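**Q** Numbering-wise, my numbering comes out as the position in the sequence shown, counting from 1, plus 3.
In this text, a Cβ means the ideal position worked out from N, Cα and C, and glycines have one as well.
Note that the structure is a prediction, hence the values are computed from the model and not measured.
So that we are looking at the same thing, I have put the structure below in C-alpha cells.
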Amino acid sequence: QKEREEKEAQKLEQEKQAAEQREKERIENEKVLKQQAEEAEKLRKAKQAEMDAKREREKEERARKEKEKKEAERKKREEAIARKKQEAEEKAALEIKLKEEREKREREREAREEEERKLEEERQAKQAEKEREALERAKKQAEEKKRKEEEKAQKDAEARAKAQAERDKKQEQERAAALKKAKKDQEKAAKQAAKQAEQKRLKEMREAQERRQREEDEREANARQLERLKQEEEDILKAEAAYFETLTSAQAKASGVTGSVEDCPFGRKCLLDDCQLGHPLGREVDDEKLAMMIHHQTNSFAAAAAAPPSSAAPGGE
Numbered sequence: 004q005k006e007r008e009e010k011e012a013q014k015l016e017q018e019k020q021a022a023e024q025r026e027k028e029r030i031e032n033e034k035v036l037k038q039q040a041e042e043a044e045k046l047r048k049a050k051q052a053e054m055d056a057k058r059e060r061e062k063e064e065r066a067r068k069e070k071e072k073k074e075a076e077r078k079k080r081e082e083a084i085a086r087k088k089q090e091a092e093e094k095a096a097l098e099i100k101l102k103e104e105r106e107k108r109e110r111e112r113e114a115r116e117e118e119e120r121k122l123e124e125e126r127q128a129k130q131a132e133k134e135r136e137a138l139e140r141a142k143k144q145a146e147e148k149k150r151k152e153e154e155k156a157q158k159d160a161e162a163r164a165k166a167q168a169e170r171d172k173k174q175e176q177e178r179a180a181a182l183k184k185a186k187k188d189q190e191k192a193a194k195q196a197a198k199q200a201e202q203k204r205l206k207e208m209r210e211a212q213e214r215r216q217r218e219e220d221e222r223e224a225n226a227r228q229l230e231r232l233k234q235e236e237e238d239i240l241k242a243e244a245a246y247f248e249t250l251t252s253a254q255a256k257a258s259g260v261t262g263s264v265e266d267c268p269f270g271r272k273c274l275l276d277d278c279q280l281g282h283p284l285g286r287e288v289d290d291e292k293l294a295m296m297i298h299h300q301t302n303s304f305a306a307a308a309a310a311p312p313s314s315a316a317p318g319g320e
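In C-alpha cells form, the structure reads like this:
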C-alpha cells in the first residue's frame with residue numbers, strides 16, 4: 004500500500020511537472036508571438052518615419068528651391084526694372100516662358116512624387132501583407148500547437164481516468180476480499196464461540212455431575228455417619244440398661260424411678276409428659292421431633308408397656 008501510494012505520488016508529481024512545462028512553453032510562445040508583433044510594429048513605424056523624413060526633406064527642398072526661385076525672380080524683376088522699357092516685353096515673354104517651364108517642372112515633380120508615393124504605398128502594402136501572412140502563420144502554428152497540447156492533455160486525462168478506474172476497481176476487489184475474509188473470520192469466530200459455548204456447557208454438565216456425585220458421596224457419608232451414631236447410641240442404651248438392671252428395687256424407688264427403662268420401648272428417647280416411667284435420661288435426646296415421632300409410632304403407651312421386654316425394645320428401635 005505504501006509503495007503504491009509512493010508511485011501515485013511520483014506519477015502526480017510528474018504530471019504536475021509536465022503541466023508546468025506545458026504552461027512555460029505556452030508562455031514562451033506567447034512571448035515570442037508578442038515579440039514578433041512588436042518587431043513588426045517597430046519595423047512599420049521605422050518605415051513610416053523614414054517616409055515622413057523623406058517627405059519632410061522633399062518639402063524642405065521644394066521650399067529651398069522655391070525660395071531660390073523667388074530670389075532669382077526678385078533679382079530678375081529688379082534687373083528688369085533697371086532695364087529699359089523695351090526690355091519689359093522680353094522680360095514678360097521670358098517670365099511667361101519661365102512660368103511655363105516652372106509649371107511644367109512642377110507638374111513633372113508632382114507626377115514623380117505621385118509615382119513614388121504609389122510605389123511606396125504598394126511596397127508598404129506588400130510589406131504589410133507579408134507581415135499579416137507571417138502573423139497568420141504564427142497564429143496558426145500557435146493554434147496548432149495549442150490544439151496538440153489540448154489533445155495531449157485530453158489523452159493524459161483519459162489515461163489518468165482509466166488508471167484511476169483501474170485503481171478503484173482494484174481497491175473494490177481488495178475491499179471485497181477483505182469483506183470476504185472478515186466474514187470468514189466472523190464465521191470462524193462464531194464457530195469458535197459455539198465450540199467454546201459447547202465446551203462450557205459440557206464443562207458445566209461435568210461440574211454438575213461431579214457436584215451431584217459429591218452430594219451423593221456426602222449423603223452416603225452422612226448415612227454411614229448416622230448409622231455409626233445409631234450404633235453408638237444402641238451401645239449406650241445397652242450400657243444404660245445393664246446399669247439399671249443392677250439397681251435393687253429399693254435403690255430404684257429411692258432414686259425416684261417408677262418403672263424400669265425396659266417398660267418404655269423408647270428408653271431415653273421418650274419426651275412425652277404423660278410418660279409415667281420417669282426414667283431419668285428421658286430428656287437428654289437432641290432431636291425432639293424425631294423422638295416424638297418415634298414415640299407416637301405405637302398405638303398407645305399401655306400397649307407398648309404391656310409388650311414383653313424382649314420384643315418391645317427391638318420394635319421401638
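Compute the Euclidean distance between the alpha carbons of residue 25 and residue 34, then round it to the nearest angstrom.
**A** Going by the C-alpha atoms only, they are around 14 Å apart.
**Q** Beta-carbon separation of residue 36 and residue 131 under 9 Å?
**A** Result no, Cβ atoms of residue 36 and residue 131 do not sit closer than 9 Å.
**Q** Nearest CA to the CA of residue 58: which residue from 10, 170 and 113?
**A** The candidate whose alpha carbon is nearest that of residue 58 is 113.
**Q** Exposed or buried, which one is residue 17 when buried takes at least 16 other CB atoms within 10 Å?
**A** Looking at its Cβ environment, which holds fewer than 16 other Cβ atoms inside 10 Å, residue 17 is exposed.
**Q** Below 8 Å on the Cβ atoms is my contact criterion, and I expect residue 40 with residue 138 to pass it. Report the Cβ-Cβ distance as a whole number of Å.
**A** The Cβ separation is near 7 Å, so the contact holds.
**Q** Please state the DSSP three-state secondary structure of residue 365.
**A** Since the first residue shown for the chain is 4 and the last is 320, residue 365 is missing from the structure and cannot be characterised.
**Q** I'd like to know if the region 114-131 and the region 46-61 are in contact, where contact means that at least 3 CB-CB pairs between them fall below 8 Å.
**A** Short answer: they touch.
**Q** Please name the residue in 211, 232, 170 and 241 whose C-alpha comes closest to that of residue 11.
**A** Per the Cα distances, 170.
**Q** If you run the structure through DSSP and keep just helix, strand and coil, what is residue 4?
**A** Of the three classes helix, strand and coil, the one that applies to residue 4 here is coil, per DSSP.
**Q** Taking residue 21 as the reference, give the member of 160, 236 and 124 with the closest Cα.
**A** Checking every option, the nearest Cα to that of residue 21 belongs to 160.
**Q** Would you kindly work out how many angstroms separate the C-alpha atoms of residue 19 and residue 189, rounded to a whole number?
**A** Spanning the two alpha carbons is a distance of roughly 44 Å.
**Q** Shorter than 8 Å, the distance from the beta carbon of residue 61 to the closest heavy atom of the ligand ATP, or not?
**A** The ligand ATP is absent from the structure shown, which contains no ligands of any kind.
**Q** Measure the alpha-carbon distance for residue 238 versus residue 227 and round it to whole angstroms.
**A** Computed Cα separation, rounded: 16 Å.
**Q** Could you tell me how far apart the beta carbons of residue 43 and residue 123 are, in whole angstroms, since I believe they sit closer than 8 Å?
**A** Incorrect: roughly 18 Å between the Cβ atoms, too far for contact.
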